[in-house]
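First up is the structure itself, then whatever we jot down about it.
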Amino acid sequence: MTRARALLLLLLVLTASAACADPVATITALVGNVAIQSAGGAQRVAAVGGGIDNGDTVQTGVASEIVMIFTDKQRVYLKPGSVFRVDDFHYAADAPKDDRSFLSLVKGGLRAVDGLVAKEGKPENYRVKTATSTIGIRGTEYSVTDCANLEPGGNADCKGEQIVVYDGQIVVINQVDQKIVRAGEGTIVLSPRLPFGVLPASRVTPVVPSAACR
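Note that the sequence shown covers residues -21 to -1, 1 to 193 in mature numbering (1 follows the signal peptide of the UniProt record, and there is no 0).
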């Protein structure tokens, strides 16, 4: 077998393996229209009971919401007008040191309740990236609102990225600052290159799911 044909065969095997991989999350609630684009560019319409794969980008339309439960029981809710990407997620109950959850909120807002990756895995193996900061957690529930990309009718007074912690604590990091934010607190990150402070949660915009997605 020539080298070129061997490489082609390997590529086909890897592609088939990826196509057969189990989903990393399941859609458990849905309102309105939600689109999913795979890492390869294929698009599909979200449906309750459908799967979310590594590399998928999830986009909620106007007046649309979605809830995803990951295989480690992590729960992620997306508000209307959001774009969210699963960069790299892996969970194996028998090997917590290898678990990881790397997610990105491109725009919009999310509310998350952590799962076993955050509770049992290495702290550095959980993060949510946003336009202005990176969030790491260790046992918590929190929300992020990207005020730079609000849906029509959003709060005009909302500025920057507003993060609220409901349970546990998170660490918020940008290029110049780092803060621990605990339950009942929040923070507003205006820029990747500006320091930020910790505020009472009542002064920060929360993400509130509709009754259908609570």
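Using N, Cα and C, we set each Cβ at its ideal position, and we do this for glycine too.
Nothing here was measured: the structure is a model prediction, and the numbers come from that model.
Take R54, set aside five residues on each side of it, and the residues of its chain with a beta-carbon closer than 7 Å to its own are V46, I48, A91 and V92, in chain order.
With a threshold of 16 other beta carbon atoms within 10 Å, D77 falls short and is exposed. Taking the C-beta atoms as reference points, G176 is found no nearer than 8 Å to G147. Around the beta-carbon of D136, fewer than 16 other beta-carbon atoms lie within 10 Å, marking it exposed. The C-beta separation of P188 from Y56 comes to about 5 Å, placing the pair in contact by the 8 Å criterion. At a Cβ-Cβ threshold of 8 Å, Y121 and S80 do not count as neighbours. Contact between V123 and G88 holds, since their C-beta atoms are separated by about 6 Å, short of 8 Å.
Taking every protein chain shown into account, the CB of V37 has 16 or more other CB atoms within 10 angstroms, so this residue is buried. The alpha-carbon of S181 is positioned some 22 Å away from that of L173. Every unbroken stretch of the beta strand (DSSP E) spanning 3 or more residues and falling wholly within the stretch 13 to 46 is given here in chain order: 13 to 16, 22 to 24 and 36 to 39. Cα atoms of G94 and S61: separation of roughly 22 Å, rounded to the nearest angstrom. Rounded to the nearest whole angstrom, the C-alpha separation of D35 and T184 is 27 Å.
Secondary-structure assignment with DSSP links Y105 through a beta bridge to S80. Approximately 5 Å separates the beta-carbon atoms of I159 and V150; this is inside 8 Å, confirming the contact. Taking the Cβ atoms as the reference, V168 lies roughly 5 Å from G139, within the contact range of under 8 Å. With fewer than 16 other Cβ atoms inside 10 Å of its own Cβ, D1 counts as exposed. Contact annotation, T7 with V27: C-beta distance approximately 7 Å; criterion of less than 8 Å satisfied.
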